[in-house]
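Data first, discussion second: the structure below is written as structure tokens.
Number of protein chains: 2
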Amino acid sequence: MQLPSTCTWLDPPEGAAVRLIDQTRLPGELVLKDCRTVAEVCEAIKTLRVEAGSTDQLREAITHARDELAATRPTAVNLFWALDRMMHVAKQAADLDIPQFRAKLLKEAQAIVTDDLERCRKIGERGAQFIADGANILTHCNAGALATAGYGTALGVIRAAHEQGKRIHVWVDETRPLLQGARLTSWELQQEGIACTVICDSVGASLMGQGKVDCIVVGADRIAANGDTANKIGTYMLAVVAEKHHIPFYVAAPLSTVDFDLASGQEIPIEQRRPEEVCYVAGRLDESICPADVNVYNPAFDVTPHQLISAIITDRGVAQPPFSAALHRLRFLTLA
Amino acid sequence: MQLPSTCTWLDPPEGAAVRLIDQTRLPGELVLKDCRTVAEVCEAIKTLRVEAGSTDQLREAITHARDELAATRPTAVNLFWALDRMMHVAKQAADLDIPQFRAKLLKEAQAIVTDDLERCRKIGERGAQFIADGANILTHCNAGALATAGYGTALGVIRAAHEQGKRIHVWVDETRPLLQGARLTSWELQQEGIACTVICDSVGASLMGQGKVDCIVVGADRIAANGDTANKIGTYMLAVVAEKHHIPFYVAAPLSTVDFDLASGQEIPIEQRRPEEVCYVAGRLDESICPADVNVYNPAFDVTPHQLISAIITDRGVAQPPFSAALHRLRFLTLA
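If you're matching them up, the sequences are chains W and R in order.
FYI, this note's numbering numbers position 200 of the first sequence as 200, with every residue one higher than the one before it.
FYI, this note's numbering numbers position 200 of the second sequence as 1200, with every residue one higher than the one before it.
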């Protein structure tokens, strides 16, 4: 089955909305949701459409929307990168009239999506070399088509290896608290016909100890200039155990995930999320799994130091240690 | 609050049952269940009570019950140890009449419970020295009063430190798939007034990396003669990450948990459990968190090699590396 695009724009006769896959309903149901009615941020976009009387008002509303969107998630850097790209176009288009201004922004948004898909395919191409025929690959969370414009980063590498005819099997960490691995990654792999097995997050270490994991591939939410990588909570645990067993540990992400302003991962802000995600199992339970009033600590990400990473697979090339130099080189690389 | 005893015998006028805490209902409700109506094994015990016409028939039924009970869980060795102790008494009491025979067995069963509680208190006493005032302790699964006759092994150490007035805080791994940490350990600690925080199993590594864990204390289901320790799945992951950060890793268990017949942990059988425990979150969900027909691997335990263990705290003394010699010494130690 071909996945529907993770993000589609509907133009005015259909209602000026962004159409998304409602990932909270997967794998039970594939539901498309037009986000003019979902989130506050979409409400803001809708309001913007209705209320703007001048380009100045529109720019002001866009700046406000930018700030609201930027505040939703502090750790992942691609969000900021895309918002900056949009704001840059908004600045350039300042002298246009409203319809032209809107058309310019929409075009840029669509280009971001197209570019992202293209980048994921390049990550896949460059990364597949690290996956041997017959490999058992372990992945964490969802760095797949559902987390990108399509194809995925870590899952892009896995998809590309599969497309090359390699017989592979993927260990899928369920990824507590929100279960993105159990719900989303296993679903994507199943759609592609790639063999996979879901495991609790505590099982991977035991598999590594038994020689049943050949490599680990994960995505990234933000990478510092030295290669330190913020990714879903639990990634650091896997990297430490992989090092102990001399198992290669790969990070797959577009170069836009590298935040060259940050010298090391210690500067990456880590999003803290609500205890309820843990206690009510991602909103699926009516009764808490914990006693009332018990403390719960629920960080969304952790940071894996660059020393534990074998390679960072980007759309512009593969960075290998030392990462500071390698990432810098990729940044200023002129591609043919 | 004083916990009700985890296991009580009701004598005939009340119905000849074993009264247990129904742990699947915690922490929502504290429900006592008389197990003549719960499990097959209790059904077998009840049948035994009704049908035995001679001591020979009774002994045969007991042997049958022993086999059924032994088949329930392959990994934990204390079950076999207790069954062996009962069978030994049954053999010794072979010449007695039925009422005397039954009384002898009941007395032995009650002695096992009393002994176990006493052993846990000794483990606590001996282990508390390893817990500093102000310590942040991480524990996994439930090795508490609910997993023993009372007081607990790993939680016995924590309880004893708390009783000595040390100000401690416990990081409680939720312990997927059955959530014994989130449901049971946090509940026990809350009852005792010991500060604790529940975390997903993937969070501990990140806390260790940040210097927020001073030691790890876990229980054990079976320990080989060389100190290799089988415990709840996820224990190995913690031990590897603790080693990386030079954090002491303690195993707390009665010496009866050591299986001196096994040279190493490779010989310990690991129980594989049903995928449904993962998919339906310990039976709490109606809808699976995974896509239909996806493979799930659900081992109940893993083995931590002795090289990763700082000390094994037993009722007869603390074993430190090299464990083969230390455990052997404790085995043949004559206590004053």
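All C-beta atoms in this analysis are idealised placements derived from N, C-alpha and C, irrespective of residue type, glycine included.
Given the structure is predicted, the values throughout are model-derived calculations rather than measurements.
{"Asked": "Proximity test, Cβ basis, 8 Å: W:Pro-291 and chain R", "Found": "yes"}
{"Asked": "Own chain, CB closer than 7 Å to R:Ile-1045, minus 5 neighbours either side, in chain order", "Found": "Its pLDDT being 44, under 50, R:Ile-1045 is placed unreliably by the model, and the measurement read from it follows with that caveat. These residues qualify, in order along the chain: Ala-1065."}
{"Asked": "Uninterrupted beta strand (DSSP E) stretches inside the stretch 1136-1176 of chain R (no shorter than 3 residues)", "Found": "1136-1139 and 1169-1173"}
{"Asked": "W:Asp-261 - partner residues in DSSP beta bridges", "Found": "Beta-bridge pairing links W:Asp-261 to no other residue."}
{"Asked": "Neighbouring residues, chain W, relative to R:Thr-1197 (Cβ below 9 Å)", "Found": "Val-294, Asn-295, Val-296 and Tyr-297"}
{"Asked": "Residue-level contact to chain R via CB, W:Ala-44, 8 Å cutoff", "Found": "Low per-residue confidence applies at W:Ala-44: pLDDT is 46, beneath 50, and the placement is therefore not dependable enough to give any value."}
{"Asked": "4 or more residues per run - each alpha helix (DSSP H) lying fully within the stretch 55-89 of chain W", "Found": "55-70"}
{"Asked": "Amino acids of chain R, ordered along the chain, whose beta-carbon sits closer than 9 Å to that of W:Pro-27", "Found": "Ser-1288, Ile-1289, Cys-1290, Pro-1291, Ala-1292 and Val-1294"}
{"Asked": "Contacts around W:Met-87, its chain only, beta-carbon distance under 7 Å, and the 5 residues preceding and following it disregarded", "Found": "Arg-66"}
{"Asked": "Cβ shell of R:His-1140 (< 7 Å), same chain only, five flanking positions each side left out", "Found": "Asp-1173, Thr-1175, Gly-1181, Val-1218, Lys-1232, Gly-1234, Thr-1235 and Leu-1238"}
{"Asked": "Bridge partners - R:Asn-1295, DSSP secondary structure assignment", "Found": "W:Thr-197"}
{"Asked": "Exposure label - R:Thr-1037; buried when at least 16 CB within 10 Å", "Found": "In this prediction, R:Thr-1037 has a pLDDT of 42, which is less than 50 and means its spatial position is unreliable; nothing more can be read from the coordinates."}
{"Asked": "Proximal residues of chain R, C-beta to C-beta of W:Tyr-236 below 8 Å", "Found": "Ala-1205, Ser-1206 and Gly-1209"}
{"Asked": "Reduced DSSP secondary structure (H/G/I, E/B, other) of W:Asp-332", "Found": "Note on residue identity: the sequence assigns Phe, not Asp, to residue 332 of chain W. In this structure, W:Phe-332 counts as coil in the three-state DSSP scheme."}
{"Asked": "Neighbourhood of R:Ala-1263 by C-beta, 8 Å cutoff - its chain only, sequence neighbours within 5 removed", "Found": "Ala-1224, Ala-1225 and Asn-1226"}
{"Asked": "Residues within the stretch 173-188 of chain W neighbouring chain R, beta-carbon criterion of under 9 Å", "Found": "Asp-173, Glu-174, Thr-175, Arg-176, Pro-177, Leu-179, Ala-182, Arg-183, Ser-186 and Trp-187"}
{"Asked": "For W:Ala-326, the three-state DSSP class (helix, strand or coil)", "Found": "helix"}
{"Asked": "Under 8 Å from the C-beta of R:Ile-1233: neighbouring residues of chain W", "Found": "Cys-200, Ser-202, Val-203 and Ser-206"}
{"Asked": "Residues near R:Asp-1201 by beta carbon distance below 7 Å, same chain, minus five either side", "Found": "Asp-1173, Glu-1174, Thr-1175, Arg-1176 and Gly-1234"}
{"Asked": "Residues bridged to W:Lys-232 [DSSP beta-bridge criterion]", "Found": "W:Phe-301"}
{"Asked": "Nearest-angstrom Cα separation, counted from W:Ala-282 out to R:Ile-1137", "Found": "27 Å"}
{"Asked": "Cutoff 7 Å; reference W:Gln-320; Cβ partners in own chain excluding five residues on either side", "Found": "Ala-311 and Ala-326"}
{"Asked": "Residue interval of the beta strand (DSSP E) (run including W:Met-314)", "Found": "The sequence as given places Thr at residue 314 of chain W; Met does not occur at that position. Its beta strand (DSSP E) spans residues 311-314."}
{"Asked": "CA-to-CA distance, R:Val-1031 to W:Asp-214, given in whole angstroms", "Found": "46 Å"}
{"Asked": "Three-way DSSP call (helix, strand, coil) for R:Ile-1247 in this model", "Found": "coil"}
{"Asked": "Buried or exposed (CB count within 10 angstroms, at least 16 for buried), R:Gly-1211", "Found": "exposed"}
{"Asked": "R:Val-1318 beta carbon less than 8 Å from that of R:Gly-1126", "Found": "Note on residue identity: the sequence assigns Arg, not Gly, to residue 1126 of chain R. Their beta carbons are under 8 Å apart, which means R:Arg-1126 touches R:Val-1318 by this criterion."}
{"Asked": "Per DSSP, the bridge partner or partners of R:Val-1318", "Found": "R:Ile-1313"}
{"Asked": "R:Thr-1139 CB to nearest heavy atom of the ligand NAP below 7 Å", "Found": "The ligand NAP is not part of this structure, which contains no ligands at all."}
{"Asked": "Nearest-angstrom beta carbon gap, R:Gly-1265 and R:Asp-1228 [assumed within contact, 8 Å]", "Found": "3 Å"}
{"Asked": "Proximity of R:Leu-1255 and R:Asp-1302 at Cβ, strictly below 8 Å", "Found": "no"}
{"Asked": "Positions along the stretch 1300-1334 of chain R whose CB lies within less than 7 Å of some CB in chain W", "Found": "Asp-1302"}
{"Asked": "W:Val-278: contacting residues in chain R (beta-carbon distance under 9 Å)", "Found": "Glu-1174, Ala-1182, Val-1198, Ile-1199 and Cys-1200"}
{"Asked": "Buried or exposed by the 16-neighbour rule on C-beta atoms within 10 Å, applied to R:Ile-1289", "Found": "buried"}
{"Asked": "Start and end residues, beta strand (DSSP E) containing W:Cys-215", "Found": "215-218"}
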